[in-house]
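Residue numbers (this note's numbering): 12 to 334.
Here a beta-carbon is modelled for each residue, glycine too, at the ideal position from N, C-alpha and C.
To start, the structure itself, in structure tokens.
The following block contains the structure:
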């Protein structure tokens, strides 16, 4: 059931975690003998990993530090962009930096900015990052968003993102700065922001299944630790809302909640959740888990889908899935 357990101290690299195999089909996704390894450490809260194929570089947010770091083989870690999520002049604490990162369909960096409470696009090339941003969405009906958390593009160019209150100073619905009454999932199309889903308590990670007609949303609520699925009708309305998988019971005994997720070209879902990273097939069957001693916040795949990266508390972890 388990492969190679190892621990990792706070600022060291090396083996960490285990692979738990729950279905034989996991062997086609993660080859036997794979050992997760810490490749960078010492961050306050790592999030939003994104693989840049052209430069073979991983970028990721350290949310409280208002910084995006970069990592590449042989060069290690360095600062990629700061400030990343809060550009105001008044000092503030909390989760103010960027969180989720993604690329637009034409290859520009798009950031979920907690402190600035917006979805923004970096107005600089990936090879020469600068803290110059263009707002893509920051209000709904004239009211400020909470703190956009994760985002994904649909193949038709529409942008979907989640907006829980974690970037507000109290991280709660009672925060005096909260203006929108919901914690929504939103759609940005032709510059207009509309509500896609308004029924979730803590929408967090979001990703599309192949084809772009169904998306999965993680709900990071300990009382409703659930991944939900939603279909998109031809008129762009949301239909067939349903529970994809309920991990509320697991959240009672294991650290971590449904958070960031990615979906590969085969429809396999890599989703951070209680106890580590869960791996589902597109039907919602759990194929296995990467068990971790610290909470996992999000993950990223390389372009060839042979390597997985996870942001996990103070660490960044690499998993060689297959040769």
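Ends of the alpha helix (DSSP H) at residue i?
{"i": "residue 262", "result": "259-262"}
Nearest to residue i by alpha carbon, out of the options?
{"i": "residue 304", "options": "292, 213 and 328", "result": "328"}
{"i": "residue 231", "options": "163, 274 and 195", "result": "195"}
{"i": "residue 74", "options": "88, 83 and 107", "result": "107"}
{"i": "residue 148", "options": "173, 166 and 142", "result": "173"}
{"i": "residue 276", "options": "223, 55 and 184", "result": "223"}
{"i": "residue 41", "options": "316, 324 and 264", "result": "316"}
{"i": "residue 167", "options": "247, 189 and 132", "result": "247"}
{"i": "residue 59", "options": "197, 312 and 333", "result": "312"}
{"i": "residue 290", "options": "256, 260 and 215", "result": "256"}
{"i": "residue 28", "options": "334, 87 and 307", "result": "307"}
{"i": "residue 128", "options": "216, 217, 191 and 89", "result": "191"}
{"i": "residue 92", "options": "198, 141 and 63", "result": "141"}
{"i": "residue 274", "options": "49, 217, 62 and 233", "result": "217"}
{"i": "residue 65", "options": "210, 213, 208 and 118", "result": "118"}
{"i": "residue 198", "options": "333, 213, 227 and 163", "result": "163"}
{"i": "residue 34", "options": "333, 116, 292 and 324", "result": "292"}
{"i": "residue 225", "options": "213, 254 and 212", "result": "254"}
{"i": "residue 178", "options": "171, 146 and 213", "result": "213"}
Looking at the strands, I want to know which residues DSSP matches up with residue i.
{"i": "residue 188", "result": "Looking at the DSSP assignment, residue 188 forms no beta bridge with any residue, so it has no partner."}
{"i": "residue 133", "result": "144"}
{"i": "residue 229", "result": "238"}
{"i": "residue 253", "result": "240"}
{"i": "residue 39", "result": "None, per the DSSP bridge assignment."}
{"i": "residue 83", "result": "87"}
{"i": "residue 170", "result": "164 and 199"}
{"i": "residue 321", "result": "310 and 328"}
{"i": "residue 214", "result": "230"}
{"i": "residue 291", "result": "280 and 297"}
{"i": "residue 112", "result": "122"}
{"i": "residue 98", "result": "According to DSSP, residue 98 bridges with nothing at all."}
Taking the beta strand (DSSP E) that residue i falls in, what are its first and last residues?
{"i": "residue 51", "result": "48-51"}
{"i": "residue 238", "result": "237-243"}
{"i": "residue 77", "result": "That residue, residue 77, is in no beta strand (DSSP E); it is neither H nor E in DSSP."}
{"i": "residue 107", "result": "Run containing residue 107: none; DSSP gives neither H nor E here."}
{"i": "residue 32", "result": "29-32"}
{"i": "residue 272", "result": "272-274"}
{"i": "residue 193", "result": "No beta strand (DSSP E) holds residue 193; DSSP gives it neither H nor E."}
{"i": "residue 60", "result": "57-63"}
{"i": "residue 73", "result": "68-73"}
Does the Cβ-Cβ distance between residue i and residue j come in under 7 Å?
{"i": "residue 157", "j": "residue 110", "result": "no"}
{"i": "residue 269", "j": "residue 294", "result": "no"}
{"i": "residue 114", "j": "residue 122", "result": "no"}
{"i": "residue 238", "j": "residue 252", "result": "no"}
{"i": "residue 331", "j": "residue 318", "result": "yes"}
{"i": "residue 136", "j": "residue 301", "result": "no"}
{"i": "residue 322", "j": "residue 52", "result": "no"}
{"i": "residue 98", "j": "residue 83", "result": "no"}
{"i": "residue 271", "j": "residue 309", "result": "yes"}
{"i": "residue 346", "j": "residue 200", "result": "The structure shown does not extend to residue 346, since the chain is modelled only from 12 to 334, so the question has no answer here."}
{"i": "residue 185", "j": "residue 176", "result": "no"}
{"i": "residue 204", "j": "residue 120", "result": "no"}
{"i": "residue 100", "j": "residue 76", "result": "no"}
{"i": "residue 249", "j": "residue 207", "result": "yes"}
{"i": "residue 193", "j": "residue 209", "result": "yes"}
{"i": "residue 8", "j": "residue 79", "result": "The chain is shown from 12 up to 334; residue 8 falls before or after that span and cannot be answered."}
Taking only the alpha-carbon atoms, compute the straight-line gap between residue i and residue j and give it to the nearest angstrom.
{"i": "residue 154", "j": "residue 125", "result": "15 Å"}
{"i": "residue 13", "j": "residue 284", "result": "Its pLDDT being 30, under 50, residue 13 is placed unreliably in this model, and the value from its coordinates should be taken loosely. Roughly 18 Å separates the two Cα atoms."}
{"i": "residue 180", "j": "residue 38", "result": "43 Å"}
{"i": "residue 298", "j": "residue 96", "result": "35 Å"}
{"i": "residue 31", "j": "residue 279", "result": "16 Å"}
{"i": "residue 314", "j": "residue 94", "result": "27 Å"}
{"i": "residue 25", "j": "residue 85", "result": "15 Å"}
{"i": "residue 23", "j": "residue 143", "result": "33 Å"}
{"i": "residue 15", "j": "residue 296", "result": "Only weak support is given to the placement of residue 15: the predicted model assigns it a pLDDT of 32, under 50, and the value that follows is read from those uncertain coordinates. Cα-Cα distance, rounded: 24 Å."}
{"i": "residue 20", "j": "residue 130", "result": "With a pLDDT of 32 at residue 20, under the threshold of 50, the predicted position of this residue should be treated as unreliable, though the coordinate-derived value follows. Computed Cα separation, rounded: 35 Å."}
{"i": "residue 282", "j": "residue 103", "result": "31 Å"}
{"i": "residue 133", "j": "residue 241", "result": "29 Å"}
{"i": "residue 337", "j": "residue 259", "result": "There is simply no residue 337 to check, as the chain begins at 12 and stops at 334 in what is shown."}
{"i": "residue 233", "j": "residue 263", "result": "8 Å"}
{"i": "residue 43", "j": "residue 139", "result": "39 Å"}
{"i": "residue 320", "j": "residue 70", "result": "10 Å"}
{"i": "residue 62", "j": "residue 165", "result": "18 Å"}
{"i": "residue 105", "j": "residue 220", "result": "33 Å"}
{"i": "residue 215", "j": "residue 45", "result": "28 Å"}
{"i": "residue 81", "j": "residue 333", "result": "23 Å"}
{"i": "residue 146", "j": "residue 202", "result": "10 Å"}
{"i": "residue 171", "j": "residue 211", "result": "15 Å"}
{"i": "residue 116", "j": "residue 265", "result": "37 Å"}
{"i": "residue 286", "j": "residue 243", "result": "31 Å"}
{"i": "residue 261", "j": "residue 288", "result": "13 Å"}
{"i": "residue 36", "j": "residue 87", "result": "34 Å"}
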